Amino acid sequence: MSGTHLRLAMLLCLWTSTGTAQTLSDAEQGLRIMANRQQGNCVTCHQVSVLRDAKGIDGAAGKQGDFGPSLDGVATRYNTTQLRQWVMDARLLKPNSLMPPFGTLEGTTQANPARPMLTPEEIDKVTAALATLR
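In this note's numbering, the protein residues as written are 767 to 900.
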């Protein structure tokens, strides 16, 4: 595990083990969104080692998919603009992508609820988290 991954995992564990409110960085909040079943739920389809090793994060432990590519090292392959676009609407980068668009309903049918899965702010946080995965 790289130093950045270790730091994020330790901060996430510390945050979940204390009773006081603490401010998390955008990247740390993004990792939580990625593991949350009601939000990003990225780990259903993707491997994210830093989340697999984190304790106390709802949805992270034992829930790593292999349907999509591993997100480990994704920041070495894409810049932040590209990472954000993958999350917003992967179909614009790969037209036949099976990854759902998290930031738009354009071109979708029967969306329930009838709103994008993530807000622009949540997408920014997920992008910040992805940018740490080197």
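Beta carbons are placed, not taken as given, at the ideal position from N, Cα and C, and that holds for glycine. Keep in mind the model is a prediction, meaning the values are calculated, not measured.
For residue i, three-class secondary structure by DSSP
{"i": "L859", "result": "coil"}
{"i": "L837", "result": "coil"}
{"i": "A877", "result": "coil"}
{"i": "D792", "result": "helix"}
{"i": "D832", "result": "coil"}
{"i": "Q851", "result": "helix"}
{"i": "C808", "result": "helix"}
{"i": "M800", "result": "helix"}
Burial state of residue i, where buried means 16 or more other Cβ atoms lie within 10 Å
{"i": "G796", "result": "buried"}
{"i": "L849", "result": "buried"}
{"i": "N862", "result": "exposed"}
{"i": "A877", "result": "exposed"}
{"i": "P867", "result": "buried"}
{"i": "P882", "result": "buried"}
{"i": "T888", "result": "First, the residue type needs correcting, since residue 888 is Glu and not Thr in the sequence shown. Answer is buried; the Cβ neighbour count reaches 16."}
{"i": "T875", "result": "exposed"}
{"i": "R900", "result": "exposed"}
{"i": "T847", "result": "exposed"}
{"i": "K860", "result": "exposed"}
{"i": "T898", "result": "buried"}
Supposed contact pair residue j and residue i - C-beta distance, whole angstroms, cut 8 Å
{"i": "A894", "j": "A793", "result": "4 Å"}
{"i": "C811", "j": "G839", "result": "Their Cβ separation, rounded to whole angstroms, is 17 Å, which puts C811 and G839 out of contact at 8 Å."}
Cβ-Cβ distance between residue i and residue j below 9 Å
{"i": "L896", "j": "A841", "result": "yes"}
{"i": "D832", "j": "Q813", "result": "yes"}
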